[in-house]
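Report on one structure; see the data block that follows.
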Amino acid sequence: MAEVKVVGLWKRFGDVEAVKGITFEVKEGEFAVMLGPSGCGKTTTLRCIAGLERPDEGDILFNGRRVNELRPSQRNIAFVFQFYALYPHLTVWDNIAFPLKAEKLPKEEIRRRVEEVLEMLDLKGLERRKPKELSAGQKQRVALGRAMVRRPEVFLLDEPLSNLDAKLRERMRGELKKLQRKLGATTIYVTHDQIEAMSMADKIIVMNEGKIQQIGTPHEVYHNPANLFVANFIGSPGMNFIRCRYDREGGRLRDESGGIEIPLSEIAREKLGSISTDEVIIGVRPEAIEFHPGPSPRAIEAGVYLVEPLGSVNVVNLEVGGEVIKAVAEPGFSPSVDEKVWISFKEVSLFDGRGGDSIGAMGGEELWRR
Amino acid sequence: MAEVRLEGVSKRFGRIQAIWRLTFEVEDGQFAVILGPTGAGKTTTLRCVAGLERPDEGHIYFDGRCVDGLSPAERDVAFVFQSFALYPRLTVYENIASPLKARGMGRDEIERRVRWAAEVLRISHLLDRMPDQLSGGEMQRVALGRAIVREPNVFLLDEPLSNLDAKLREGMRTELKKLQTDLGATFLYATPDHAEALSMGDKIIVINEGRIHQIGTPQEIYDRPADTFVAYFVGSPGMNLLPCRIISEGDRLFADIGPGAFRVELPPEVKEGLEDATTLGIRAEEVEVSLREERGWLRGRISLVETLGGYNIVEVDLGGIAVKARTDFSFSPPPGAEVWVRFRRDKIRLFDREGRAIPSPAACKAPSNA
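These protein sequence lines map, in sequence, to chains X and L.
So for the first sequence, the working numbering puts the first residue at 1; every next one is plus one.
So for the second sequence, the working numbering puts the first residue at 1001; every next one is plus one.
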C-alpha cells in the first residue's frame, strides 16, 4: 500500500478554476474522505490522483515518487465509481477474475489471486452465482474484490454509496469501514454526505470552491471547525449561529435583538482581542444546549417554536432573540409550543463575523465572566 | 379543509399489485405521512386520492362523502411533487396565480391571495423573478405557494423535499410543519425518509409492497413497532433484531440469543405468547456500553465505531452477534477493545416467527392517540 501526497494542485477547465492550489497527504493504510458540496473540486482532485485528469500545476506523489507523467494503468490504483457496476451475465468468480484476464495473466496465477480475494471478502461458496442472485452487501464485496484483485496501492472511491437507498447505505458504511481496516488499504473516498465522512474517515478533507477548508479527524472538524463553512456543513441538525456585536470596552457580547447579553470571561476576551471587527458569531451545536427548569444565572430565556421528534431524540426549535435555533433533547422532553424555557450552552465556537474564521472553541462556562 | 378516508383501496398495474386494501383516515387538519421504501405504493395511493388513478376496488371519502365518481378538479386537491413543475416562462407571481386564473377568479382576489401566500412562505421579494433565477428551496416554496392559494380540500405531497440538499431539507422540514399547523391544513405526505415522517407527522402510515404495516403516532411507530419491518425501517440505525429462543428457569425468563451466543433476562411481567418469540429487538440507545467490567453485564468486543459528531454508534460483537449501541461522542474505544454491555430490560421488544410484535403489558398501558 502506498502513501499519497498532493502538492499545490491546480486544475482549470476553461475559465473555471476547479481546484485552486491544494495540498494534503494520505498516510499508508489511512481512510481519507474528501467532503464538500457539488462543484467543490473533490472529484476533479480524485481524477487527478487517478491520472484521469492532468494537473495544470502541482504534483501527485505515491510513496514520495512523482506520478504526474504516469498513465492511470501505470499508477496501480483501483478506481471504484459505484458498487453496482458488475457484469450481470458473469459469475462472481468471472467478475473478479475479469481484470486479470484482461491483463492476460497465467491461468494459475489468476486462480490463486481470485481465491485469495474470495477468502478475504468472505465470498467463498458464492463463486458460481450471478450478480442478481446476490444481496446488496455481497454485490458490494464482489465489486470491491474486482478492484482488489489487481493488488492496487490505492483505492479511490467516488460516491460509491450514493445510488443506494438510505437503509442500505447505513449498513454499507459500516461494512466498508470494516473491510478497509481488514485490508489495511490506503483509501481516498469522495462524498458530499457528511454522515458518510464522519462515520468512516480517519481523516476528513473538507473542500469548498476548489479550496481546502479544513483537514482533521471527524472529532476535530465537528468540535473545532476551522470556519463557518465547515461548522455549517458538518452535523445534522447543523450548528446554530447567533450573530452578535462585541462591545470591547464593556467586554460583552450582545445579539442583534438584544435578547442575549453575555459578560465575557478573561479567556474569551483574550481570544477576541485578535480580531479586527466587532461582529462575532457564537456557534452552538444542537446537542450542546442544556435546558434548565427555571431562570438561573447564565441561562438564556427562549420560547418553544416547534418540537420535532426523531425517535432517539427530540429536536426542539427555540426562538431566542429574533432567531430560531435547534436544540437536541431527550425523547421524553416535549415542551408545548410558546412555552418559556431557559437554556445554557455546554460548548461554543466563536467566529469572526466578517471573515468567518474560527476564533476558537471553548466550554460554555468559560465564556461567561464569573 | 376536509377529512379523508380510504376504505379497502386496491390498485393493480398489469401483474403488479401496487396497493392492497388500504384502509386509513386523515382527520381534518391532520398531518398524515405515508412512509415506505421505493416501490411501496406511496405515489399510487396519493394518485388514487387525487383522482388521477381509479382504484380497482375500495372507496375514498372526503368529509364522509364518497368521491369515487369525481374528477380530480371536482375533488379540489392540491398536489405538490418532488420535481417542482413550475412554468419556466412565467414569473413567480404568475406561477402562483395560475391555478386561480384557470378558475376565472377576479384580479383583486387573485392579487390578495398571491400576496398572502408569498408572505406566509417568505417569498414576497421573489414575485417578479423567473423560475431559473431561484434556488431549489425557493422553487419548492413557489410550488407550495401555488398549492396554498387554492385553499384546497386536502394537500397531497409526494416527496416534496427529496430534490433538496440535506441542509435545506432539514430547514424545510420545520417550515412545512409550521405552515401546516398555521393553516390548519389536511396534509397527506409521502416519503421514504423516516426522519421526515417522525418529525412532521401527527400520524404515520407505514407501508411496504402495497400493504399497511402499522398506523400510529411517531412515538408509537418508533417505540412499539408492529413488526420487524417497521422496527428496522424506522430509526437510524434501525432497531437491533437478534434471533432468539425463550427459555425459562423457575420464575425467570431468558431470551437465548443466537441461540447459543448469550442470554438476556426478560422482565418478569412478560409472559403471554412468549414461547412464540424468535426475534429480540432493542434500539441502539437502549443498549448501555461500559469500558469497565460491570456485574451481570455481557462481555463483548468493539467491532466498529462510527463517529457522527454529537454521538457515536458503536458495534459490539457479543459471541458472534453484532449489536449496535448509541453512545456519547467521547466514547471511542479502539476496534477489538473489551467492553461490557447491558440491554435496558423494559425496552426489549419481542417478535414472532412471522415478524409480528408480541405485545407486552407495558404496550397496553401506552396511550393511543393516533
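For glycine and all other residues, C-beta sits at the position ideal for the given N, C-alpha and C.
Every value quoted in this text rests on a predicted model; they were computed, and no experiment measured them.
Contact list for residue i against chain L, beta-carbon separation under 9 angstroms
i, result
"Ser312/X", "Tyr1222, Gly1235, Ser1236, Arg1283, Ala1284, Glu1285, Tyr1311, Arg1326"
"Glu317/X", "A small correction: the amino acid at residue 317/X is Asn; Glu does not occupy that position in the sequence shown. Within chain L, the residues near Asn317/X are Thr1174, Lys1178."
Contact with chain L by residue i, beta-carbon distance below 7 angstroms
i, result
"Asp189/X", "It is Tyr, not Asp, that sits at residue 189/X in the sequence shown. No, its Cβ sits nowhere closer than 7 angstroms to a Cβ of chain L."
"Ala143/X", "no"
"Asp290/X", "Note that residue 290/X is Glu in the sequence shown here, rather than Asp. So, not an interface residue."
"Met198/X", "yes"
"Glu287/X", "yes"
"Tyr372/X", "Past the boundaries of the shown model lies residue 372/X; chain X is included only from 1 to 370, so the question cannot be answered."
"Tyr246/X", "no"
Length of the line joining the Cα atoms of residue i and residue j
i, j, result
"Pro286/X", "Asp357/X", "20 angstroms"
"Val4/X", "Ile60/X", "7 angstroms"
"Met239/X", "Pro1152/L", "37 angstroms"
"Asn1216/L", "Ile1019/L", "Per the sequence presented here, residue 1216/L reads as Gly, with Asn not at that position. The straight-line gap from Cα to Cα measures roughly 19 angstroms."
"Ser274/X", "Glu266/X", "13 angstroms"
"Phe1013/L", "Pro1055/L", "10 angstroms"
"Gly1039/L", "Gly184/X", "38 angstroms"
"Gly283/X", "Glu249/X", "23 angstroms"
"Val67/X", "Ala2/X", "12 angstroms"
"Ser312/X", "Asp1223/L", "9 angstroms"
"Asp352/X", "Tyr1232/L", "43 angstroms"
"Glu127/X", "Glu108/X", "17 angstroms"
"Phe291/X", "Tyr1087/L", "47 angstroms"
"Val1026/L", "Arg1005/L", "6 angstroms"
"Val1206/L", "Arg1356/L", "14 angstroms"
"Asp1251/L", "Val1264/L", "14 angstroms"
"Leu90/X", "Lys132/X", "10 angstroms"
7 angstroms Cβ cut-off: residues of chain L touching residue i
i, result
"His219/X", "Thr1307"
"Pro99/X", "None at all; the shortest Cβ gap to chain L is about 29 angstroms."
"Glu170/X", "Ser1236, Pro1237"
"Ile195/X", "Leu1308"
"Val328/X", "Gly1310"
Closer than 6 angstroms: residue i CB and nearest the ligand GTP heavy atom
i, result
"Ile1247/L", "What this structure holds is no ligand at all, so the ligand GTP is not there to describe."
Min CB distance residue i to chain X below 7 angstroms
i, result
"Thr1228/L", "no"
"Lys1178/L", "yes"
Delimiting residues of the beta strand (DSSP E) encompassing residue i
i, result
"Thr1327/L", "1321-1328"
"Gly1300/L", "1298-1307"
"Arg245/X", "240-247"
"Gln1371/L", "The question about residue 1371/L has no answer here: the residues shown for chain L are numbered 1001 through 1370."
"Ile1123/L", "Looking at the DSSP string, Ile1123/L is not in any beta strand (DSSP E), and its letter there is neither H nor E."
"Ala1032/L", "1031-1035"
"Ser1248/L", "1240-1249"
"Val280/X", "279-284"
"Asp1352/L", "1349-1352"
"Thr23/X", "16-26"
"Arg1252/L", "1252-1257"
"Ile77/X", "77-80"
Within chain X, partners of residue i - CB distance below 7 angstroms
i, result
"Gln1219/L", "Pro309"
"Leu1304/L", "Gly174, Lys177, Lys178"
"Lys1167/L", "Gly238"
"Pro1335/L", "Arg181"
Terminal residues of the alpha helix (DSSP H) in which residue i lies
i, result
"Leu1198/L", "1194-1200"
"Lys96/X", "Checking the sequence shown, residue 96/X turns out to be Ile, not Lys. Note, Ile96/X: alpha helix (DSSP H), 92-102."
"Met198/X", "194-200"
"Glu3/X", "Counting along the chain, Glu3/X falls outside any alpha helix (DSSP H), and DSSP gives it neither H nor E."
"Ile110/X", "107-120"
"Glu220/X", "218-223"
"Ser388/X", "This structure leaves residue 388/X out entirely; chain X is present only between 1 and 370."
Nearest-angstrom beta carbon gap, residue j and residue i [assumed within contact, 8 angstroms]
i, j, result
"Glu301/X", "Lys340/X", "6 angstroms"
"Asn1208/L", "Phe1229/L", "6 angstroms"
"Val1149/L", "Ala1185/L", "12 angstroms between Cβ atoms; not a contact."
"Ile1313/L", "Leu1280/L", "Between Leu1280/L and Ile1313/L the Cβ distance is about 19 angstroms, and since that is not below 8 angstroms, they are no contact."
"Ser1303/L", "Glu1315/L", "5 angstroms"
"Phe1331/L", "Val1289/L", "7 angstroms"
Proximal chain X residues relative to residue i, where beta-carbon distance stays under 9 angstroms
i, result
"Thr1038/L", "Asp165"
"Leu1198/L", "Glu308, Pro309, Leu310, Gly311"
"Pro1099/L", "Correct list: empty, because the minimum Cβ distance to chain X is about 28 angstroms."
"Lys1347/L", "What Lys1347/L touches in chain X: nothing, since even the nearest Cβ is about 11 angstroms away."
Within chain X, partners of residue i - CB distance below 8 angstroms
i, result
"Asp1193/L", "Ala166"
"Glu1170/L", "Ser236, Pro237, Gly238"
"Arg1173/L", "Glu308"
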